[in-house]
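Colleague: Numbering (our numbering), first residue to last: 925 to 1199.
Cβ atoms here follow ideal geometry from the backbone N, Cα and C, with glycine treated the same way.
After the structure tokens below, expect a handful of questions from me.
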Amino acid sequence: MADPNKGIHQYHAGVADGLQFHSPAVVGALEFDHNEVPPLDAAVLLIRSLPWIRGTVVTAAALVALLLASATAGAQARHPVSGRAIAQVMGYEGAAWLERPERESEERPSKAIKALDIKPGQVVADVGAGSGYYTVRLAERVGPTGRVFATDIQPEMLSLLRSRVSRARLDNVELVLSADADPRLPEGLFDLVLMVDVYHELARPQEVLRKLRASLKPDGRLVLVEFRKENAWVPIREEHKMSVKEARMELEAEGYRFDRVIGVLPWQHILVFRR
Ligand SMILES: C[S@@+](CC[C@H](N)C(=O)[O-])C[C@H]1O[C@@H](n2cnc3c(N)ncnc32)[C@H](O)[C@@H]1O
């Protein structure tokens, strides 16, 4: 389960490896567009606005954050099949990072959505939907005859998502509060189960994969979008990346069939599996 007190994960490896951030002293009075985003999200904006994010100056705030990080480092488990270190869950305080305006130019999510080739009327699960960045785009794709189930383990994320869905006036989205080991989705319903930047932080990946496999239609797809571990220059911390090899080892061990990697994104793999 996510621990909100873990604070904000600064994903950009160039900033500080292992950085976590929950010092109210450096949050300041910044405001974020989405009123319902918790105040700590302001810290993300502050971090991103500081010069040291570009690797030049290390500020006192960064040092404080580094100290906090070292105090919590080493808490991760490893995946029993691949040996991969399982990342900590990104706390809801990081939602502003998910919603950053430059996400489109950096990650090209619109290309990812296009590559998924979703048809009107399909039923899609956005597992680990966070604040709903992908959910609303998926809902537009499936249209009024389709449905999107958006899940998360953090009620705070679902609350952001609810506001977002209502602002967008979408009535084809259902929210689901998942558990670490159980997505709590119906069986045999889904054409597509999507996890964007989520799989690497599942605390109980094997149990989740087993349940998700049962949720797919016989010809359904499970798609992971994960930052590429093969490319050291991809500016995300190591444990928030996955290699194709790791993903295949872990998913094939749960009975999934590897279909292909779609390589259209600048930083991420789109990994397609069949049930
Ligand atoms: C890095 S965020 C990505 C959010 C969203 N997919 C996006 O790309 O904007 C990862 C999300 O996965 C959620 N998460 C982690 N473990 C989960 C689990 N077992 N089931 C559902 N959601 C989970 C976290 O709470 C967090 O909101």
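(1) I want to check one thing, is the minimum distance from the CB of Leu-1148 to the heavy atoms of ligand 1 below 7 Å?
(2) Do you know offhand how far Gln-1192's Cα is from Arg-1027's?
(3) Tell me, which residues are paired with Arg-1088 by DSSP?
(4) Assign Ala-1063 to one of two classes, buried (16 or more other C-beta atoms within 10 Å of its C-beta) or exposed (fewer than that).
(5) How close, in whole Å, do the beta carbons of Gly-1120 and Val-1149 come, if the pair is a contact with beta carbons under 8 Å?
(6) Tell me where the beta strand (DSSP E) around Glu-1111 begins and ends.
(7) Here's the rule I'm using: 16 or more other beta-carbon atoms within 10 Å means buried, otherwise exposed. How should Gly-1112 be labelled?
(8) Roughly how many whole angstroms lie between the Cα atoms of Gln-1012 and Arg-1184?
(9) Between Thr-1059 and the rest of its own chain, which residues show a CB-CB distance below 8 Å, the 5 nearest in sequence each way excluded?
(10) Ends of the alpha helix (DSSP H) at Val-1047?
(11) Under the three-state reduction of DSSP, which class applies to Ile-1194: helix, strand or coil?
(12) Assess contact between the segment 1155-1173 and the segment 1005-1020, defined as three or more Cβ pairs (one per stretch) separated by less than 8 Å. Is contact present?
(13) Using 8 Å as the threshold, is the C-beta distance between Lys-1038 and Leu-1189 below it?
(14) At which residue ranges does the segment 1057-1102 contain complete beta strand (DSSP E) runs of 3 or more residues, listed in the order of the chain?
(15) Leaving out five residues on either side along the sequence, give the residues of the same chain with a beta carbon under 6 Å from the beta carbon of Leu-1133.
(16) Quick one: does the C-beta of Met-1081 sit closer than 7 Å to a heavy atom of ligand 1?
Modeller: With the structure as the only source:
(1) Position 224 of the sequence shown holds residue 1148. For Leu-1148, the shortest separation between its Cβ and any heavy atom of ligand 1 does not lie below 7 Å.
(2) Here residue 1192 refers to the residue found at position 268 when the sequence shown is read from its first residue. Here residue 1027 refers to the residue found at position 103 when the sequence shown is read from its first residue. In a straight line, the C-alpha of Gln-1192 is about 12 Å away from that of Arg-1027.
(3) Reading the sequence shown from its first residue, position 164 is the one you call residue 1088. Residue pairing from DSSP leaves Arg-1088 without any beta-bridge partner.
(4) For the purposes of this step, residue 1063 is taken as residue 139 along the sequence shown, with counting starting at 1. Flag for Ala-1063 reads buried.
(5) Along the sequence shown, read from residue 1 onward, the residue named residue 1120 stands at position 196. Along the sequence shown, read from residue 1 onward, the residue named residue 1149 stands at position 225. Checking the displayed sequence, the identity of residue 1120 turns out to be Val instead of Gly. With 8 Å as the limit, Val-1120 and Val-1149 qualify as a contact, their Cβ atoms being about 4 Å apart.
(6) Reading the sequence shown from its first residue, position 187 is the one you call residue 1111. Per DSSP, Glu-1111 lies in no beta strand (DSSP E) and is assigned neither H nor E.
(7) Reading the sequence shown from its first residue, position 188 is the one you call residue 1112. When all chains shown are included, Gly-1112 counts as exposed.
(8) For the purposes of this step, residue 1012 is identified with residue 88 of the sequence shown, where counting begins at 1. For the purposes of this step, residue 1184 is identified with residue 260 of the sequence shown, where counting begins at 1. If I take the Cα positions, the gap works out to 27 Å.
(9) Along the sequence shown, read from residue 1 onward, the residue named residue 1059 stands at position 135. Once the five neighbours on either side are set aside, the close Cβ partners of Thr-1059 are Asp-1050, Ala-1053, Val-1072, Ala-1074, Leu-1085, Arg-1088, Val-1089 and Val-1097.
(10) Counting from one through the sequence shown, the residue named residue 1047 turns up at place 123. No alpha helix (DSSP H) holds Val-1047; the beta strand (DSSP E) holding it covers 1047-1051.
(11) For the purposes of this step, residue 1194 is taken as residue 270 along the sequence shown, with counting starting at 1. Ile-1194: strand per DSSP, three-state reduction.
(12) The segment 1155-1173 is in contact with the segment 1005-1020.
(13) As a first step, residue 1038 is located in the sequence shown; it is residue number 114 there, counting from the start. As a first step, residue 1189 is located in the sequence shown; it is residue number 265 there, counting from the start. Not a contact, by the Cβ cut-off of 8 Å.
(14) Counting only runs of 3 or more, we get 1071-1076 and 1097-1101.
(15) In the sequence shown, the residue the question calls residue 1133 occupies position 209. So the list reads Glu-1178, once near-sequence residues are dropped.
(16) Your numbering for residue 1081 matches position 157 in the sequence shown. Met-1081 has its Cβ nearer than 7 Å to a heavy atom of ligand 1.
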